[in-house]
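Notes to accompany the following structure.
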Amino acid sequence: MMRRLQSTLKCSCTHVNRSIVNAASSSFKNEQPFNFYICSLCNQKLFRDALHAFDVFRKKADCVIDPGTYIHLIYACSSLRSVEYGRKIHNHLLRSNLLPYMILENHLINMYGKCGLTGDAKEVFDSMWERNVVSWNAMIAGYSQHGQDIEAIESYIEMQRSGFMPNHFTFGGVIKACSSLAEAGLGEQLHAKVVKSEFGSHLIAQNALIAMYNKFGRINEAWDVFSSIKIKDLISWSSIIAGLSKLGYEIEALSCFKEMLSLGTYHPNEFIFGSVFRACGSLGRPEYGRQIHGVSVKYGFETNAFAGCSLTDMYARCGFLYSAKTSFKLIKHPDIVSWNAVLAAFAYGGDANGAMLFFSQTRHSGSAPNDITVRSLLCGFADPSTLSQGKQVHCYIIKTGLVLDLPVCNTLLSMYANCSEHMDACKMFNDIRGSDADLVSWTAIITMFMHKHWAAEVFSLFRTMLLLHGRPDGVILANVLGACGKFATLEMGDQVNCCAVKYGLDSGIVVMNGLIDMYVKCGSLERAGKVFDCMPNPNVVSWSSLIVGYAQFGLGQEALNLFSQMKKQGIKPNQVTFLGVLIACSHVGMVNEGIHLLKSMEHEHGVIPTREHISCVVDLLARAGRIHDAEAVIDQLGFKPDVVIWKIVLAACKNCGNVEVGRRVAEKILRVDSSNSAAHVLLCNIHASAGNWKDVACLRASMREKGIKKLRGQSWIKLVMIPPSNRDQHLLKVFLVKVGKVLGRLRRIKACGGG
């Protein structure tokens with residue numbers, strides 16, 4: 001009998017159908033073959049067949065299920081996340097004559113936890129006569145896996161109060177809960193407890209710590225934990241590569257990926273490929289992406305949905321939309337998540353027509369577009385030329401009822417603002433405001449007015465938002481601080497600072513960076529420095545803002561000192577940082593250091609120099625009188641020099657009196673822009689400095705003939721509205737006297753020929 005059963009099992013390793021189960025059931029005479037049969041199916045991971053066999057045999061009165069078989073059946077339910085069978089087997093167990101059995105109850109808790117039924121898991125847990133560490137771990141894992149992080153931490157505390165010592169599984173669950181709650185202080189305490197315990201070198205706890213520090217944005221601590229692991233598994237590599245890629249350490253992520261491949265211990269999975277493709281896209285390095293694309297094909301991931309979506313996004317970010325489209329077509333059975341990814345790739349890549357085409361294909365593919373689909377699509381309509389397409393999508397949103405979704409409405413508002421349709425944007429905002437505008441809605445409308453340079457409207461809306469909505473968040477405060485910096489309104493900036501203190505938002509990294517930027521733009525470097533000194537963990541934006549501020553206000557040495565401190569802290573500089581440092585080198589006259597910095601940007605830091613960085617180095621050389629070296633740098637550019645770069649050299653020629661180079665540079669500018677008044681004026685000044693008055697006269701005559709005039713300077717003034725009341729008559733008279741003095745001074749300047 002047993003031989004016949006074993007041969008039947010061997011023939012059904014790949015698939016066991018219902019006829020085999022029915023045939024087997026008729027041949028079983030006692031409970032032993034049945035239990036063996038169920039366990040064998042589960043061991044072969046034929047969970048559905050095992051559960052069907054349970055359905056068949058549980059109706060037979062002579063079939064008694066033993067505890068081991070129950071464990072296998074419950075495990076099958078856990079693997080399939082089958083709530084229906086899980087409850088059915090639990091009820092069958094309760095009706096059996098088995099006494100409470102701790103191992104069985106632990107499996108039930110684990111099964112309910114994996115199925116998301118933490119309430120049912122808690123009922124089983126509370127009914128247990130006896131518990132062990134596994135019981136507590138199952139509860140903690142169930143809570144942490146389904147977003148009940150506070151309950152997970154409370155269970156961890158209660159577990160220790162009950163006299164149970166946590167193990168590596170406990171730490172894995174509670175650290176995950178801690179990272180979801182963003183409780184950095186508690187996370188550090190847990191890390192200390194892990195190190196102190198005997199589980200400090202266990203992979204489950206260490207991998208959980210890496211993931212936690214990634215979530216906190218503390219890549220240095222994550223790297224320290226990763227480096228301490230003696231034998232790393234695939235999860236270790238996947239976690240650290242994902243963290244490096246997400247937190248701006250793309251070069252390091254690619255290096256880590258290369259090291260993992262060179263060791264040859266593990267094959268990369270789809271999540272690792274997703275992280276490295278993201279890193280290539282962020283760097284804008286398609287040559288790296290193509291190489292890794294080849295590796296993914298080697299390991300058979302070219303048709304994988306997750307890796308394929310990341311590959312599509314990488315090519316789109318690098319501007320290779322055709323390659324992005326080709327990569328997407330290789331994905332087998334794309335779901336709505338895959339369609340959303342490729343649609344977003346084309347939308348963010350600036351191809352609104354391509355995004356609309358994919359939107360149409362999504363609708364005909366059987367995958368119904370959702371709120372994420374239309375929001376991704378709307379982000380591709382960022383200029384007036386795409387407005388008609390945006391309105392078509394708006395009609396679809398109204399037709400499908402998605403207009404009731406607030407995030408979709410906020411995206412529509414941003415779309416109209418980006419397309420300069422301010423009336424439609426205001427109408428959209430008023431419609432939202434009539435229902436339930438959130439902080440995103442207010443941020444979008446305030447940002448629109450800020451871009452239009454309507455300072456009064458920005459500050460008026462901010463005050464209205466405080467009255468209607470109450471508490472702001474860090475993002476909206478940062479936006480208003482940006483407006484204060486843009487319009488150089490220090491007084492309003494101080495008021496926003498007070499508002500941040502009032503609502504307890506003054507310690508957030510976004511708000512503190514906004515304060516530094518605002519004070520720098522308003523010229524208050526001392527206050528910007530004080531905010532920076534109060535920051536516990538300044539990031540690259542904090543350092544860069546202050547470095548640029550010092551550099552722009554002529555404090556070059558202070559900027560360079562701050563850059564040195566930044567490097568000592570292990571903060572990776574970005575393009576803005578290098579721009580500030582190069583400006584500082586220019587002001588201080590550190591020519592060799594500036595050239596070295598430019599060369600080290602890409603090779604040592606992975607930052608590609610932009611036109612602005614080249615302009616700074618050209619200005620640095622020109623200020624030092626090295627005109628020919630400045631020309632050589634321009635000639636070595638990987639892109640066509642613009643008028644701004646040549647004007648820097650032309651201004652240096654005026655200071656040095658270099659007529660020959662000045663004439664040559666001016667001709668290059670005028671070939672690009674024949675009516676450029678600055679080039680004509682600078683060339684006139686060069687000839688005048690050299691005493692070439694005949695050339696000066698010819699140039700001025702040419703300017704008159706072509707109608708080229710020197711652009712007049714402009715100044716901004718702040719208008720003060722004074723209400724007509726008797727109380728303010730004296731203030732009005734004083735104000736008018738001051739205005740009269742200013743106007744008189746301007747008339748005298750004009751009479752003296754000042755223009």
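Each residue of the sequence shown is one higher than the one before, counting from 1 in UniProt numbering.
Cβ atoms here follow ideal geometry from the backbone N, Cα and C, with glycine treated the same way.
Nothing here was measured: the structure is a model prediction, and the numbers come from that model.
Own chain partners of ALA382 with C-beta closer than 6 angstroms, once the 5 adjacent residues on each side are dropped: The answer, listed in chain order, is ASN418.
Residues of its chain near LYS122, where Cβ-Cβ distance is below 8 angstroms and the 5 sequence neighbours each way are ignored: MET139
Separation of ALA305 from ALA622, as counted between CA atoms: Pairing ALA622 with ALA305, the inter-Cα distance amounts to about 53 angstroms.
Assigned exposure category for ALA632 - 16 Cβ within 10 Å defines buried: Classification of ALA632: exposed, given that the 10 Å Cβ count is below 16.
C-alpha distance - SER327 paired with SER542, whole-angstrom precision: 38 angstroms
Runs of alpha helix (DSSP H) wholly within the segment 548-617 (minimum 4 residues, chain order): 556-568, 575-588 and 591-605
Counted within 10 angstroms of its Cβ, other Cβ atoms place LEU481 as buried (16 or more) or exposed: buried
Beta-carbon contacts of ILE372 that lie in its chain and below 6 angstroms, excluding the five residues immediately before and after: ASN340
ASN30, DSSP secondary structure in three states: Interpretation of ASN30 is limited by its pLDDT of 45, a score under 50 that renders its predicted location unreliable; the figure taken from the coordinates is listed afterwards. Coil at ASN30, not helix or strand.
Nearest-angstrom Cα separation, counted from SER310 out to VAL225: Cα-Cα distance, rounded: 27 angstroms.
Where MET535 falls: helix, strand or coil (DSSP): coil
Nearest neighbour of CYS653, chosen from ASP635, ALA688, ASP642 and LYS640 [CA to CA]: ALA688
3 or more residues per run - each beta strand (DSSP E) lying fully within the segment 201-283: List check, beta strand (DSSP E) in window: nothing returned.
Exposure of ASP55, with buried meaning 16 or more beta-carbon neighbours within 10 Å: Under this definition ASP55 is an exposed residue.
Integer-rounded CB distance, given that GLY556 should sit under 8 angstroms from MET518: About 22 angstroms; that fails the 8 angstroms criterion.
Candidates GLN44, ALA551 and ARG611, of which the one nearest HIS587 by Cα: ALA551
Straight-line Cα distance separating PHE487 from LYS530: 22 angstroms
Collapsed DSSP secondary structure at SER338 in the structure displayed: helix
Touching by the beta-carbon criterion (3+ pairs, under 8 angstroms), the segment 572-588 and the segment 225-237: no
Where GLU198 sits in the DSSP three-state scheme: In the three-state reduction of the DSSP assignment, GLU198 falls in the coil class.
Buried/exposed call for TRP129, threshold 16 Cβ in 10 Å: It is exposed - the Cβ of TRP129 has fewer than 16 other Cβ atoms within 10 Å.
Beta-carbon proximity of MET314 to GLY289, cut-off 7 angstroms: yes
DSSP state of residue 757 mapped onto helix, strand, coil: The first residue shown for the chain is 1 and the last is 755, placing residue 757 beyond what the model contains.
For ASP149, three-class secondary structure by DSSP: helix
Residue range of the unbroken alpha helix (DSSP H) whose run includes PRO67: 67-80
Where SER296 sits in the DSSP three-state scheme: helix
Residue from LYS215, ALA184, ARG218 and SER239 with nearest C-alpha to ASN207: If we check each option's Cα against that of ASN207, SER239 comes out closest.
C-alpha gap between PHE125 and THR118, whole angstroms: Straight across, the Cα-Cα distance linking PHE125 with THR118 is about 10 angstroms.
Residue span of the alpha helix (DSSP H) that contains TYR416, given as start and end: Element bounds for TYR416: 406-418.
Stretch-stretch touch, CB-based, cutoff 8 angstroms, three pairs: the segment 158-167 with the segment 179-188: no
Assigned secondary structure, ASP629 (DSSP; H/G/I helix, E/B strand, else coil): Note: ASP629 maps to helix in three-state DSSP.
Cutoff 7 angstroms; reference LEU244; Cβ partners in own chain excluding five residues on either side: ILE219, GLU252, ALA253 and CYS256
Alpha-carbon spacing of CYS115 relative to ASN479, whole angstroms: 42 angstroms
Expected contact under 8 angstroms - CB spacing of LEU94 and ALA76 to nearest Å: Actually they do not touch by this definition, with Cβ atoms about 18 angstroms apart.
Where GLU491 falls, given that 16 or more other Cβ within 10 Å makes a residue buried: exposed
Nearest candidate by alpha-carbon position, reference ASP494, set PHE359, ASP473 and GLY514: With distances taken between Cα atoms, ASP494 lies closest to GLY514.
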